[in-house]
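Peer 1: One structure, as structure tokens, below. Some questions next.
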Amino acid sequence: MMGAAKVLAALLASSTVGAPIADAATVQVLFRSGDAAADGARLDSIDNPIATGPSTVIFRGGTSAILLRDGGGFGVVARTGDPLPPPLVGTFNDLGDPVINGAGAVAFQAGVNSPTQRGGTFLYERGTFVPIGILTTEGVLFAPGLVTDLNDAGDVLFSSKRRRIDLWSRADGQIAHVVKNGDSAPGVRRFRRFGRQ
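Throughout the sequence shown, residue numbering follows our numbering, covering 979 to 1175 in sequence.
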């Protein structure tokens, strides 16, 4: 789900007679995730494109939002196309399942549209985003995995492919290993897999 921007492109063959197709073809980007549709909605997914010519195509586009109802109405935490928090550059793309604590803070994963990042994990509290982990285009700074829980202190628990659990501390921004496959377990030989909760 999370990752690089999605691109809808058309391979346009030239009508040059006798030219090899590879030499005569050009690629034209028709639409990228993060681009705005005619109604202004930013799309995070492009599915099942069908083209009838070089400039006519139909596809299913999706958009994501994380909404929070607190009191009398709904507010938007983040949506496709919203700017990333500084110092990051780009916009939110597809948004993962959020978790919330008793204080109203929210944590979630997101794919991003950015020249330097592919995705990240974010904590949202009192109107401010805190980037927790960022997956860069050149390598991983920290890719925490699926957000599974958020306590009232703002600490975020992650499960990485059901193989390990880590805890990000809001107080100092550090990651602590909790448990991984193969670690000793009380009453049984070893831990094997972990679920979301």
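Cβ coordinates follow ideal geometry from the N, Cα and C atoms, glycine included.
Given the structure is predicted, the values throughout are model-derived calculations rather than measurements.
Give the straight-line distance between the Cα atoms of Asp1161 and Arg1168, rounded to the nearest whole angstrom.
Peer 2: The count along the sequence shown starts at 1 and reaches residue 1161 at position 183. The count along the sequence shown starts at 1 and reaches residue 1168 at position 190. One C-alpha to the other measures close to 5 Å.
Peer 1: Can you tell me the Cα-Cα spacing of Arg1010 and Phe1100, whole angstroms?
Peer 2: Against the sequence shown, residue 1010 aligns to sequence position 32. Against the sequence shown, residue 1100 aligns to sequence position 122. Each residue's Cα considered, the two are about 23 Å apart.
Peer 1: Taking the C-alpha atoms as reference points, what is the distance between Leu1113 and Gly1068?
Peer 2: Counted from its first residue, the sequence shown places residue 1113 at position 135. Counted from its first residue, the sequence shown places residue 1068 at position 90. If you take the alpha carbons of Leu1113 and Gly1068, they lie about 13 Å apart.
Peer 1: State the DSSP-derived secondary structure class of Leu1066, mapped to helix, strand or coil.
Peer 2: For the purposes of this step, residue 1066 is taken as residue 88 along the sequence shown, with counting starting at 1. Coil, per DSSP.
Peer 1: Using the Cβ count rule (16 or more neighbours within 10 Å means buried), how would you classify Ala1076?
Peer 2: Mapped onto the sequence shown, residue 1076 falls at position 98. For the record, residue 1076 in the displayed sequence is Pro; it is not Ala. Burial call: buried.
Peer 1: What first and last residue would you give for the beta strand (DSSP E) that runs through Gly1132?
Peer 2: Numbered from 1 along the sequence shown, position 154 holds the residue referred to as residue 1132. From DSSP, Gly1132 is part of no beta strand (DSSP E); its letter is neither H nor E.
Peer 1: Mind the definition here: the stretch 1015-1022 touches the stretch 1055-1073 only if three or more C-beta pairs lie below 8 Å; say whether that holds.
Peer 2: With a cut-off of 8 Å, the stretch 1055-1073 and the stretch 1015-1022 count as touching, because enough Cβ pairs lie within range.
Peer 1: Quick check: Gly1082 and Glu1103, are their CB atoms within less than 9 Å of each other?
Peer 2: Taking the sequence shown and counting its residues from 1, the one referred to as residue 1082 is at position 104. Taking the sequence shown and counting its residues from 1, the one referred to as residue 1103 is at position 125. In this structure, Glu1103 lies closer than 9 Å to Gly1082 by Cβ.
Peer 1: Return the bridge partner residues of Gly1089 from the DSSP annotation.
Peer 2: Stepping through the sequence shown from its first residue, residue 1089 is reached at position 111. According to DSSP, Gly1089 bridges with Gly1097.
Peer 1: For Ile1044 and Asn1071, what's the separation of their Cα atoms in angstroms?
Peer 2: Residue 1044 sits at position 66 when you count from the first residue of the sequence shown. Residue 1071 sits at position 93 when you count from the first residue of the sequence shown. Roughly 12 Å between the two C-alpha positions.
Peer 1: Out of Pro1164, Ala1014, Gly1105 and Gly1012, which one is the CA nearest neighbour of Leu1046?
Peer 2: As a working note, residue 1046 is residue 68 in the sequence shown. When each option's Cα is compared against that of Leu1046, the closest is Gly1105.
Peer 1: On the criterion of 16 or more Cβ atoms from any shown chain inside 10 Å, does Val1134 qualify as buried, or is it exposed?
Peer 2: Residue 1134 sits at position 156 when you count from the first residue of the sequence shown. Per the 10 Å Cβ criterion, buried.
Peer 1: Residue ranges of each beta strand (DSSP E) run of no fewer than 3 residues wholly in the stretch 1011-1060, ordered along the chain?
Peer 2: The stretch 1011-1060 contains these whole beta strand (DSSP E) runs: 1023-1031, 1034-1040, 1043-1048 and 1051-1057.
Peer 1: Shortest alpha-carbon distance to Gln1006 belongs to which of Gly1031, Ser1092 and Asp1025?
Peer 2: For the purposes of this step, residue 1006 is taken as the residue at position 28 of the sequence shown. The shortest C-alpha separation from Gln1006 is found at Gly1031.
Peer 1: What is the rounded straight-line gap between the Cα of Gly1049 and the Cα of Pro1164?
Peer 2: Taking the first residue of the sequence shown as position 1, residue 1049 is located at position 71. Taking the first residue of the sequence shown as position 1, residue 1164 is located at position 186. Straight-line Cα distance between these residues: approximately 43 Å.
Peer 1: Tell whether a beta-carbon distance below 9 Å holds between Gln1152 and Leu1124.
Peer 2: In the sequence shown, the residue the question calls residue 1152 occupies position 174. In the sequence shown, the residue the question calls residue 1124 occupies position 146. The answer is no: Cβ separation not under 9 Å.
Peer 1: Helix, strand or coil: how does DSSP classify Asp1144 here?
Peer 2: Here the question's residue 1144 lines up with position 166 in the sequence shown. The answer is strand: DSSP assigns Asp1144 an E or B state.
Peer 1: If I follow the unbroken beta strand (DSSP E) through Arg1170, where does it start and stop?
Peer 2: The residue given as residue 1170 occupies position 192 in the sequence shown. Where Arg1170 is concerned, there is no enclosing beta strand (DSSP E), given that its DSSP letter is neither H nor E.
Peer 1: Under DSSP, the beta strand (DSSP E) around Ala1154 begins and ends at which residues?
Peer 2: The residue given as residue 1154 occupies position 176 in the sequence shown. Looking at the DSSP string, the run of the beta strand (DSSP E) that includes Ala1154 is Ile1153 to Lys1158.
Peer 1: What is the rounded straight-line gap between the Cα of Ser1144 and the Cα of Leu1008?
Peer 2: Within the sequence shown, numbered from 1, the residue matching residue 1144 stands at position 166. Within the sequence shown, numbered from 1, the residue matching residue 1008 stands at position 30. In the sequence under discussion, the amino acid at residue 1144 is Asp, which differs from the Ser named in the question. Looking at the two C-alpha atoms, the distance is approximately 40 Å.
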